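Residue numbers (our numbering), protein chains in the order written: chain A, 68 to 567; chain B, 30 to 362.
C-beta: ideal position from N, C-alpha, C; glycine also.
Given the structure is predicted, the values throughout are model-derived calculations rather than measurements.
Just below is one structure, and these are the notes that go with it.
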């Protein structure tokens, strides 16, 4: 194949092969961004033979990153129908038929015989009482998590994951425990479920008494833990990950050192934390409890800053930042006056600050309960679903017994492709913590713009706006650029005319 | 003999589905088109079955405890207790309306049903054939059905407040109308066959004493004994405990009440209340075989286990997504 001499083409071909053969989608996530950047860095593109497009058009970076690539709806539905048919075939149907040949009277006596009444000897204590008495619920402190067991649910999406138990004796470590979890559970709840199943299967050694002391790591099929990746974020839902193998790892004690300026010069406080998600505030409390002399007074507040990172200017960490997000174990204790703190927190934003959305979070499908305001004053409750590639509006069935609702036009269920959504902004904040937001969309037929006004409480409204803004910025479609330009022009004209 | 702790341990090991080695069976169902099997002492749901297209009106275990029968709209479905399958294994059809009551003869050969289509039917479970097939028609939609322990007489309530007594041998039937226009919601006969209780939509509970007829062929004699103003609202179920010492009545007034059958005095009112919610309609109940505990199923989507000595809730069975209307329990062979 001598004419494949373009190194870049070959590289891109290999990358594409990786992506197409990897079902988990991880390669796609990692590699498509990498090769895009390397492609841009390579020399003059006009020199290359344009016939060999370096990227296959078949591969489109799609929005449901991180999970399994979904199968098409049709094939899923066909599968479901097939399964239902198969199940139905197994059910024996007995249909009532009129009996043409009823039992003769003599036989009836024989078939339905009067039986003596047996009064069974009943034990003084029933099995149930025995079990209730013998079972101490504290035997399995994780019982509350049993409700996430997917085996006990029907018709709910579940995930079956093989869990390697790193705390098990070496000869058992090669055999994972299979756990079926409800897909909507969070990772922290999955950990609880694993602990519950582990305990209820009487595995040894016994676990420590809180799921907080454990974390889930990505693992290879043979049970080898992939230490290069951080543990799964325990606030994420299980559905987001496509792993079929994970490892339960006891969180090691994390040693955290904090440099403090004591009265007698530089000093160091060493803390050993067991919780994997200790927050900065908790670390601060622990420091103060070890060194009461450092306790903050009215003027001064305590804060932590990273001590290991000299390249970026150190800045106080916000109190709810979690240790697991920082990947840092050395901190400086700093004293800030309230004024400085305010200034600083306003300017500095932690890259991992939990309030901020990541690209992952923003594109995950999420629903909101909001009211749609129509031209009439009537509010109609709807469910607004936002994902990385579309916005869905579904009317919610009203429970009101009034027939009035029948006459009013109910909102129809509509789906907008994300490229048709132009803008989402907060229109009005009303008394009582309600807010109105406007969702501007384009009619694909004629390119005209229309909008929906939605009402929700302020928190939800802000979240919707933030989420959509993030997705829109991420997509940056041509239509939206045109819309924004037009809008800018209009406002400009508006200010000009009002200036006159 | 295993002690309780070992037993609990062995039971929780086989956590895949429900197994017949589970000596205790508890199933609940209602409006969410699912049937859930629970491990009663831990409160853990072991298995969920689908009951498609219909709510469940009544649940009962077959006497040999291998099948669970669920009565729904136009059919009775049987689920294998010992499998992990979500679907039923037998579907009985041929009823034009809701099946409101279902039960088995003691030998497990025949199943009886009562339906809103005004007919009570006897089905052959073992063969599905017509051999012991029987039908009994009344002129009102039925509400409940119960078998006398002598295995040949069925008592059927209808919406007009009549109790029909149907003898399977002679096909003779009789009527009892203690209070016209108040439909009996449930009838129960204690295991010794000496007393019968029935609760109606006005919350009144009637008690009769039963005695054998003059001859072997004669129907059971019914003598009125007592009328309890058990509840002020709709009555839903009345059930005797296994030893016949206690009677439980449940009602739309959000309570279950326990009565002593000696003098029909109120022993306990079972109410559950949180700071901002209460238990809702209590649709069904079941005593443990030693009469120390009671299960209830309620519209608030939860089933509860009550300690009858203290009147407190010992376990809560959460997981259903709509109102619970029936439960089945068995803790002895």
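Exposed unless 16 or more other CB atoms sit within 10 angstroms - verdict on residue i
i                     : result
residue 271 (chain A) : exposed
residue 164 (chain B) : exposed
residue 31 (chain B)  : Summary for residue 31 (chain B): the model assigns pLDDT 40, below 50, so the residue's position carries little reliability, and this model does not support an answer.
residue 518 (chain A) : exposed
residue 136 (chain B) : exposed
residue 541 (chain A) : exposed
residue 122 (chain B) : exposed
residue 439 (chain A) : buried
residue 15 (chain B)  : The requested residue 15 (chain B) does not occur in the structure, where chain B is confined to residues 30 to 362.
residue 84 (chain B)  : buried
residue 348 (chain B) : buried
residue 468 (chain A) : Annotation note: pLDDT 45 at residue 468 (chain A) (below 50); position unreliable, coordinate value reported separately. Its Cβ having fewer than 16 others within 10 Å, residue 468 (chain A) is exposed.
residue 276 (chain A) : exposed
residue 292 (chain B) : exposed
residue 481 (chain A) : exposed
residue 558 (chain A) : exposed
residue 470 (chain A) : Only weak support exists for where residue 470 (chain A) lies, its pLDDT of 46 falling under 50; the coordinates are left without a value.
residue 252 (chain B) : exposed
residue 67 (chain B)  : buried
residue 197 (chain A) : buried
C-beta contact flag for residue i and residue j at 8 Å
i                     : j                     : result
residue 98 (chain B)  : residue 129 (chain B) : no
residue 257 (chain B) : residue 288 (chain B) : yes
residue 283 (chain A) : residue 216 (chain A) : no
residue 170 (chain B) : residue 220 (chain B) : no
residue 239 (chain A) : residue 281 (chain A) : no
residue 205 (chain B) : residue 181 (chain B) : no
residue 88 (chain A)  : residue 73 (chain B)  : no
residue 179 (chain A) : residue 278 (chain A) : no
residue 347 (chain A) : residue 313 (chain A) : no
residue 246 (chain A) : residue 264 (chain A) : yes
residue 227 (chain B) : residue 186 (chain B) : yes
residue 318 (chain B) : residue 255 (chain A) : no
residue 485 (chain A) : residue 456 (chain A) : yes
residue 255 (chain B) : residue 282 (chain B) : no
residue 352 (chain A) : residue 374 (chain A) : no
residue 219 (chain A) : residue 106 (chain B) : no
residue 365 (chain B) : residue 86 (chain B)  : Given a span of 30 to 362 for chain B in the structure shown, any question on residue 365 (chain B) remains unanswerable.
residue 430 (chain A) : residue 531 (chain A) : no
residue 132 (chain B) : residue 176 (chain B) : yes
residue 338 (chain A) : residue 453 (chain A) : no
8 Å contact criterion, which residue i and residue j should meet: CB distance rounded
i                     : j                     : result
residue 333 (chain B) : residue 345 (chain B) : 6 Å
residue 140 (chain B) : residue 184 (chain B) : Wrong, their Cβ atoms sit about 16 Å apart, outside the cutoff.
residue 266 (chain B) : residue 215 (chain B) : 5 Å
residue 280 (chain B) : residue 316 (chain B) : Between residue 316 (chain B) and residue 280 (chain B) the Cβ distance is about 17 Å, and since that is not below 8 Å, they are no contact.
residue 506 (chain A) : residue 491 (chain A) : 5 Å
residue 10 (chain B)  : residue 152 (chain B) : Only positions 30 to 362 of chain B appear in this structure, which leaves residue 10 (chain B) out of reach.
residue 231 (chain A) : residue 306 (chain A) : Actually they do not touch by this definition, with Cβ atoms about 21 Å apart.
residue 323 (chain B) : residue 335 (chain B) : 5 Å
residue 277 (chain B) : residue 213 (chain B) : Actually they do not touch by this definition, with Cβ atoms about 16 Å apart.
residue 199 (chain B) : residue 250 (chain B) : Rounded, the Cβ-Cβ distance is 15 Å, inconsistent with contact.
Residue i beta carbon near the ligand FMN (any heavy atom closer than 7 Å)
i                     : result
residue 294 (chain A) : Ligands in the displayed structure: none, and consequently the ligand FMN is not present.
Note to self: Please give the ranges of any beta strand (DSSP E) in the stretch 280-338 of chain A, keeping only runs that are unbroken, at least 3 residues long and fully inside the region.
What the structure shows: 281-285, 312-317, 321-329
Next item on the list: Run through the stretch 223-260 of chain A for me and flag every whole beta strand (DSSP E) of 3 or more residues, listed as ranges in chain order.
Entry: 225-232, 244-249
Check: Quick one, which residues of the stretch 108-122 of chain B are near chain A if we go by CB-CB under 7 Å, in chain order?
Finding: 115, 116, 117, 118, 119, 120, 121, 122
Notebook entry, point to check: Can you list, in chain order, the residues of the stretch 261-285 of chain A whose Cβ is nearer than 7 Å to any Cβ on chain B?
Noted result: 267, 268, 269
Check: the stretch 179-200 of chain A: which residues have C-beta closer than 9 Å to a C-beta of chain B, in chain order?
Finding: 179, 180, 181, 182, 183, 184, 185, 186, 187, 189, 190, 191, 192, 193, 194, 195, 196, 197, 198, 199, 200
Item checked: Residues within the stretch 218-237 of chain A neighbouring chain B, beta-carbon criterion of under 9 Å -> 218, 219, 220, 221, 222, 223
Next item on the list: Note down, in chain order, all residues in the stretch 152-168 of chain A with a beta-carbon under 9 Å from any beta-carbon belonging to chain B.
Entry: 154, 155, 157, 158, 159, 160, 161, 162, 163, 164, 165, 166, 167, 168
Notebook entry, point to check: Taking a cut of 8 Å between CB atoms, which residues from the stretch 51-74 of chain B lie near chain A?
Noted result: 52, 53, 63, 65, 69, 70, 71, 72, 73, 74
Next item on the list: Within the stretch 322-352 of chain B, note down every full beta strand (DSSP E) run reaching 3 residues or more, in order along the chain.
Entry: 322-327, 331-336, 341-347
Checklist line | Under 9 Å (Cβ pairs) to chain A, residues found in the stretch 236-267 of chain B | finding: 245, 246
Next item on the list: Jot down the residue ranges of each uninterrupted beta strand (DSSP E) in the stretch 287-320 of chain B, minimum 3 residues, whole runs only, in chain order.
Entry: 295-299, 311-316
Next item on the list: Would you list, in chain order, the members of the stretch 193-215 of chain B that have their beta-carbon closer than 8 Å to a beta-carbon of chain A?
Entry: 197, 198, 199, 200
Next item on the list: Counting only runs of 4+ residues fully inside the stretch 108-171 of chain B, write out the alpha helix (DSSP H) ranges in chain order.
Entry: none
Next item on the list: Anything in the stretch 316-337 of chain B with a Cβ closer than 7 Å to a Cβ of chain A? List those residues in chain order, please.
Entry: 317, 318, 319, 321, 322
Checklist line | Near-chain A residues of the stretch 269-285 of chain B (beta-carbon distance less than 8 Å), N- to C-terminal order | finding: 271, 272
Check: Going along the chain, which residues of the stretch 126-150 of chain B sit with their C-beta nearer than 7 Å to a C-beta in chain A?
Finding: 135, 150
Checklist line | Interface positions of the stretch 284-301 of chain B facing chain A (Cβ-Cβ less than 9 Å), listed along the chain | finding: none
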